[in-house]
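Shown next, in structure tokens, is the structure this report addresses.
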Amino acid sequence: MINFGSPPDRYRPCVGILLLNVDKKIFVGERVDALGAWQMPQGGIDPDENVIEAAVRELQEETGIENALPIGIDNNWRTYILPEEVRPKSWGGKFIGQAQIWVAFKFTGNDADINVTTTLPEFSRWKWTDPDTLLNEIVSFKRDIYRDVLAAYPTWMTNPILK
């Protein structure tokens with residue numbers, strides 16, 4: 000497994016998940032703590048995990064999805080900074096934002112396999128969407144990272160890490 004190095008100081012190491020269905024639509028969930036704010040699944044990388052393991056775990060924890068295949072991975076830490084008013088409430092103020100390695104997955108199940116009412120739900124509802132709609136519905140402080148991810152992910156499809 001490739002070593003991505005350490006994320007920048009004061010950024011929480013995370014994975015972001017770009018889940019595509021057969022129609023090339025993107026999975027997004029509406030945050031339970033911010034109605035109207037949609038995002039792709041994401042979450043922290045545990046110390047004993049590699050990036051793919053973390054992405055699979057986060058996908059299952061947040062969506063119940065087990066029918067997905069990794070099809071691409073980014074080689075870059077992509078960062079965003081949390082708004083100042085949110086930082087003290089997030090991770091005890093230890094981090095100023097998140098550094099993410101993004102993994103693209105192909106959804107191989109059907110919509111009935113998706114369950115966002117998990118033990119610790121992060122999403123109140125979900126949908127498949129297109130990139131333009133997603134960029135209009137994402138919280139503003141994540142918009143640049145999402146724009147970068149959506150522009151870059153086609154180049155990940157040939158990443159040898161997945162072979």
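The sequence shown: position 106 = 105 (numbering that gives the first Met the number 0), numbered continuously. For each residue, glycine too, the CB sits at the ideal point set by N, CA and C.
Beta-carbon spacing of residue i, residue j below 8 Å
i	j	result
valine 102	alanine 36	no
phenylalanine 122	valine 31	yes
leucine 133	isoleucine 25	yes
leucine 18	alanine 67	yes
proline 82	phenylalanine 140	yes
proline 40	glutamate 52	no
isoleucine 80	valine 50	no
Reduced DSSP secondary structure (H/G/I, E/B, other) of residue i
i	result
proline 7	coil
proline 12	strand
isoleucine 72	strand
alanine 67	strand
threonine 128	strand
glutamate 136	helix
glycine 92	helix
threonine 78	strand
Residue of the options minimising C-alpha distance to residue i
i	options	result
lysine 105	Asp45, Pro153 and Lys93	Pro153
glycine 4	Arg142, Ala151, Gly96 and Arg77	Arg77
aspartate 110	Gly43, Tyr10, Gln38 and Val21	Val21
N-terminal and C-terminal residue of the alpha helix (DSSP H) that residue i is part of
i	result
arginine 146	142-151
valine 50	50-62
Span of the beta strand (DSSP E), counted from its first residue to its last, around residue i
i	result
phenylalanine 163	Because the chain in this structure spans residues 0 to 162, residue 163 falls outside the shown range and cannot be described.
Three CB pairs or more closer than 8 Å across the segment 110-120 and the segment 63-79: Segment contact: the segment 110-120 against the segment 63-79, three or more CB-CB distances shorter than 8 Å; contact assigned.
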